[in-house]
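A short write-up of the structure that comes next.
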């Protein structure tokens, strides 16, 4: 019986032609005004393609950051068009001192009378900026402080570093796109620059963060003088340690540019970090320069 069954199966196989598979055609996805909620880990948000991407669809992802669960929205009209545009927010341990630094500039008049360029644009520079995780904090502050004032037609933020932080995981391109989507009158531009060889572009407000300038025979005197000379309004150099602050103050004096040194108010109300961990942005070295190309902010 078993032999007859096997013979019958072979006969059927010989009679049946090979199965032909029809090509599969997928209809183009149609935009849907839907919202999907996905809970993901923080690290996953930084990897392309882990979350579904549908045109016209709003995706809501949540993740834990600084001990709190946060919501990120992707899609039309949101801060991020897709998960590929995501970058990590500014950590609270950095955000607090940075916001206090900006508030100090506003309260004590350092942001008054900043010169505008011929097109009425306020030009802000962030030399040796690295990944500049604080960029959203800075841009939000500048927009609230300056846009809407008479004569101010826009804000341009120029960030530079000797290394290409877009290739190093600093998300330069994503941050440029984020600002362009969120603020119509603000442009952010990043460029790799060697400030020992290239002249820094002119800026009304320069914010130089943490020059590691205490090593002997370092290029920092040349870099800082370059940055100071390109500033037409106010230049702030923020250091973590007092030794760095003294070096910056000495460079200003050698360049014939009077400066003021202030302690970040944040550290007057917060305990300094223990051990060797430096207090972020503790000392603020400030130089006000002349030079008015157009109007004033």
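In the UniProt record's numbering, the protein residues as written are 1 to 297. Glycine is no exception: its CB is placed at the ideal position from the N, C-alpha and C atoms.
Please state the DSSP three-state secondary structure of residue i.
{"i": "residue 151", "result": "coil"}
{"i": "residue 161", "result": "strand"}
{"i": "residue 181", "result": "helix"}
{"i": "residue 108", "result": "coil"}
{"i": "residue 243", "result": "helix"}
{"i": "residue 197", "result": "coil"}
{"i": "residue 286", "result": "strand"}
{"i": "residue 190", "result": "strand"}
{"i": "residue 301", "result": "Since the first residue shown for the chain is 1 and the last is 297, residue 301 is missing from the structure and cannot be characterised."}
{"i": "residue 207", "result": "strand"}
{"i": "residue 272", "result": "coil"}
{"i": "residue 227", "result": "helix"}
{"i": "residue 260", "result": "strand"}
{"i": "residue 132", "result": "coil"}
{"i": "residue 233", "result": "strand"}
{"i": "residue 281", "result": "coil"}
{"i": "residue 296", "result": "strand"}
If we call anything under 7 Å between Cβ atoms a contact, is residue i one with residue j?
{"i": "residue 87", "j": "residue 171", "result": "yes"}
{"i": "residue 196", "j": "residue 219", "result": "yes"}
{"i": "residue 64", "j": "residue 73", "result": "no"}
{"i": "residue 230", "j": "residue 202", "result": "yes"}
{"i": "residue 208", "j": "residue 237", "result": "yes"}
{"i": "residue 85", "j": "residue 177", "result": "yes"}
{"i": "residue 98", "j": "residue 157", "result": "no"}
{"i": "residue 266", "j": "residue 96", "result": "yes"}
{"i": "residue 251", "j": "residue 284", "result": "no"}
{"i": "residue 288", "j": "residue 248", "result": "no"}
{"i": "residue 279", "j": "residue 272", "result": "yes"}
{"i": "residue 200", "j": "residue 217", "result": "no"}
{"i": "residue 165", "j": "residue 120", "result": "no"}
If we count the other Cβ atoms within 10 Å of its Cβ and call it buried at 16 or more, is residue i buried or exposed?
{"i": "residue 264", "result": "buried"}
{"i": "residue 168", "result": "exposed"}
{"i": "residue 198", "result": "exposed"}
{"i": "residue 133", "result": "buried"}
{"i": "residue 211", "result": "buried"}
{"i": "residue 123", "result": "buried"}
{"i": "residue 214", "result": "exposed"}
{"i": "residue 71", "result": "exposed"}
{"i": "residue 83", "result": "buried"}
{"i": "residue 244", "result": "buried"}
{"i": "residue 75", "result": "buried"}
{"i": "residue 260", "result": "exposed"}
{"i": "residue 269", "result": "exposed"}
{"i": "residue 149", "result": "exposed"}
{"i": "residue 179", "result": "buried"}
{"i": "residue 276", "result": "exposed"}
{"i": "residue 282", "result": "buried"}
{"i": "residue 188", "result": "buried"}
Quick test of your reading: residue i and residue j, contact by CB under 8 Å. State the CB separation rounded to the nearest angstrom.
{"i": "residue 155", "j": "residue 186", "result": "5 Å"}
{"i": "residue 262", "j": "residue 141", "result": "Not really, about 18 Å apart at Cβ, beyond 8 Å."}
{"i": "residue 296", "j": "residue 135", "result": "Contact doesn't hold; Cβ gap of about 25 Å is too wide."}
{"i": "residue 258", "j": "residue 206", "result": "At roughly 16 Å, the Cβ-Cβ gap does not stay under 8 Å, so residue 258 and residue 206 are not in contact."}
{"i": "residue 192", "j": "residue 222", "result": "Incorrect: roughly 18 Å between the Cβ atoms, too far for contact."}
{"i": "residue 66", "j": "residue 92", "result": "5 Å"}
{"i": "residue 106", "j": "residue 145", "result": "6 Å"}
Run through the segment 52-99 for me and flag every whole beta strand (DSSP E) of 3 or more residues, listed as ranges in chain order. Counting only unbroken stretches of 3 or more residues, the beta strand (DSSP E) elements lying wholly within the segment 52-99 are 58-65, 68-74, in sequence order.
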